[in-house]
Amino acid sequence: MELRQLTALELGAAIRRGEVSVAEAAQAALTAIEAEDGALNSFITVEGERALERAAQLQKGVKKAQSPLYGVPMALKDNICTRGVKTTCASKILGDFRPPYDATVVERLSAAGALGLGKLNLDEFAMGSTSETSWYGSTRNPWDPERAPGGSSGGAAAAVAAGLSWYAVGSDTGGSIRQPAAHCGVTGIKPTYGTVSRYGLIAYASSLDQMGPVCRDAADCAAVLDVLQGRDRRDATSLDGDYGHLLESLSGDVRGLRVGLPVDCFGDGLDGQVRQAVLAAADVLKSRGAQLVELSLPVLEYGVPAYYIIAAAEASSNLARFDGVKYGWRAQGYGDLAELYLKTRTQGFGLEVKRRILLGSFVLSAGYYEAYYRKALQVKAVLKGAFDEAFARCDLLLTPVAPATAPRLGESLGDPLEMYLGDVYTVPANLAGLPGLSMPCGFDRQGLPIGAQLIGPHFGEGRLLNAAYAFQQETNYHRQTPKGGQRT
């Protein structure tokens with residue numbers, strides 16, 4: 001049995017049947033990481049010894065396992081707090097910081113029998129779309145190591161695509177799960193804002209951040225999300241809901257499902273091969289009984305400027321806590337407290353983080369608050385209203401994830417505006433707090449994966465996952481591997 005060819009659910013089933021031990025699964029992952037991750041740089045920290053100790057403990061409880069993911073090795077984006085394990089946000093300023101507590105999602109995964117392999121690379125403080133702004137070096141795309149894997153959860157997408165981890169948990173502020181999932185040919189979902197607790201997630205933009213799974217297919221995403229979702233008293237923004245039924249509700253039946261195609265998302269600026277692949281995905285859903293509905297959402301063009309104003313404003317506030325006093329890295333050779341702050345933040349933050357802190361401080365300043373920040377909040381409200389109107393006409397929306405396939409390393413860093421515009425299709429869901437899913441739907445002429453995005457109404461995760469599940473019953477894009485093979 002080639003374990004790395006299995007999905008997370010398939011491996012979990014094999015473990016419960018006794019066909020493979022938890023330790024064998026853990027060792028398979030650790031061996032692959034040691035052999036292959038030097039070329040990808042998807043992990044910042046690998047907890048090999050800890051993982052094998054955990055595997056031995058989990059093996060004792062296999063016969064009583066309740067979760068279908070029991071014993072399956074996975075990994076976490078390195079902005080999610082893990083007790084006693086280095087948590088860096090891919091930034092110099094956090095240094096060797098080891099949190100004294102676990103994030104809520106870590107607690108829930110642990111209770112379900114997850115086996116953590118380590119912490120995954122990302123853009124520094126999740127600020128970027130290519131996973132090139134990390135203090136620990138760029139992550140590379142397993143389909144082409146000369147290309148970026150997308151960001152900021154690029155380490156998560158690359159690790160899952162390369163078979164180094166059966167699934168991962170990332171964070172999504174403006175597309176940071178969906179865009180790298182598209183560029184790496186895997187499936188990822190950003191759930192409705194408030195359905196997954198943010199307690200223990202090191203904040204970038206608190207009103208936009210949300211954690212979710214990066215997996216090989218929709219069924220795995222449903223199983224992971226069943227574990228992650230739920231009200232948490234430690235997070236005032238978390239929501240009550242009827243959670244825990246996503247996996248069992250997957251049927252693949254999309255007869256009568258109204259799939260909206262916003263014409264605004266298929267015009268200028270979209271690569272022709274991407275357009276063709278996404279529209280072909282719509283035809284697959286239609287062939288299974290879905291109805292295609294053409295509509296217009298012109299307000300989407302204001303999503304990127306509104307997003308970067310709001311996100312930068314919240315980042316400037318959230319990152320004020322990193323000053324060299326309370327935790328993390330501290331600069332040397334300072335004369336007083338002001339100089340400590342200045343030197344620590346100057347030397348500890350990277351260029352992109354500094355850029356967003358400066359932008360956020362600017363739009364919140366007394367002279368510009370009304371001109372920029374308040375207007376961005378007004379656009380956010382208008383965008384929510386436009387989505388409400390759209391979902392009165394259809395059940396979900398189908399759009400591209402990104403305007404093009406994975407860029408070459410270094411292409412986007414020289415032009416920040418170009419990088420920001422790459423989020424044009426993903427940021428609206430964050431601004432409106434809606435669930436969004438990325439699923440592989442084809443390849444371009446260079447063999448690079450293409451992703452299609454499904455956006456649903458609030459608490460529409462089941463609808464999105466079932467539509468993706470239906471699509472994946474008809475296609476095998478999600479079963480392709482970067483080495484040219486196919487998962488069995």
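Under our numbering, the first residue of the sequence shown carries the number 1, and numbering increases by one thereafter.
All C-beta atoms in this analysis are idealised placements derived from N, C-alpha and C, irrespective of residue type, glycine included.
Shortest alpha-carbon distance to residue i belongs to which of the options?
i: F266; options: R255, S138, L279; result: L279
i: A223; options: E19, V325, L11, P149; result: L11
i: K380; options: Y372, Q179, A306, L358; result: A306
i: S287; options: A470, A452, E132, L409; result: A470
i: R54; options: D96, R17, L117; result: L117
i: Q347; options: G410, G95, S110; result: G95
i: A290; options: G256, A311, V299; result: G256
i: F391; options: M419, E294, G194, E301; result: E294
i: K64; options: A111, G442, D323; result: A111
i: T195; options: G484, A468, G433; result: G433
i: E461; options: A429, P449, R321, V105; result: A429
i: P449; options: Y199, Q332, A404; result: A404
i: I33; options: Y425, A162, T88, Y477; result: A162
i: V490; options: P213, S251, L9; result: Look at the range of the chain in this structure, 1 to 488, and you will see that residue 490 is not part of it.
i: G561; options: I189, G128, S138; result: This structure gives no information on residue 561, because the portion of the chain shown stretches from 1 to 488.
i: A376; options: D240, E314, D388; result: E314
i: R4; options: A28, V20, V22, S365; result: A28
i: D172; options: I15, K354, N476, A126; result: A126
Helix, strand or coil: how does DSSP classify residue i here?
i: V72; result: coil
i: P416; result: helix
i: N430; result: helix
i: G116; result: strand
i: G367; result: coil
i: K77; result: strand
i: F443; result: strand
i: T130; result: coil
i: R147; result: strand
i: I202; result: coil
i: N41; result: coil
i: R98; result: coil
i: A466; result: First, the residue type needs correcting, since residue 466 is Asn and not Ala in the sequence shown. Helix.
i: N121; result: coil
i: Q480; result: strand
i: V20; result: coil
Please list the terminal residues of the continuous alpha helix (DSSP H) segment that includes residue i.
i: G48; result: 48–59
i: S238; result: No alpha helix (DSSP H) contains S238, which DSSP labels as neither H nor E.
i: A168; result: Looking at the DSSP string, A168 is not in any alpha helix (DSSP H); the run it does join, the beta strand (DSSP E), is 168–172.
i: C184; result: 178–184
i: F391; result: 374–393
i: R108; result: 104–111
i: L300; result: Segment: none, L300 is in no alpha helix (DSSP H) and carries neither H nor E.
i: C221; result: 218–228
Kindly indicate the opening and closing residues of the beta strand (DSSP E) around residue i.
i: G212; result: 210–215
i: G360; result: Careful: G360 lies outside any beta strand (DSSP E), inside the alpha helix (DSSP H) at 351–364.
i: A452; result: 449–455
i: I189; result: 187–190
i: Q291; result: 291–295
i: G260; result: 258–262
i: L396; result: 396–400
My understanding is that residue i touches residue j, with C-beta atoms under 8 Å, so please give their C-beta distance in whole angstroms.
i: L431; j: L464; result: Not quite, the Cβ-Cβ distance comes to about 18 Å (not below 8 Å), so this is no contact.
i: S131; j: P149; result: 6 Å
i: P400; j: Q446; result: Not quite, the Cβ-Cβ distance comes to about 17 Å (not below 8 Å), so this is no contact.
i: A168; j: I310; result: Between I310 and A168 the Cβ distance is about 26 Å, and since that is not below 8 Å, they are no contact.
Express the C-alpha separation of residue j and residue i in angstroms, rounding to a whole number.
i: Q473; j: V160; result: 20 Å
i: S176; j: A157; result: 10 Å
i: G328; j: L340; result: 13 Å
i: R275; j: L358; result: 36 Å
i: R479; j: D415; result: 34 Å
i: A282; j: P457; result: 18 Å
i: A182; j: D235; result: 30 Å
i: M419; j: Q59; result: 45 Å
i: S251; j: Y70; result: 23 Å
i: N41; j: R393; result: 44 Å
i: R233; j: Y199; result: 9 Å
i: L397; j: G185; result: 20 Å
i: V72; j: V259; result: 34 Å
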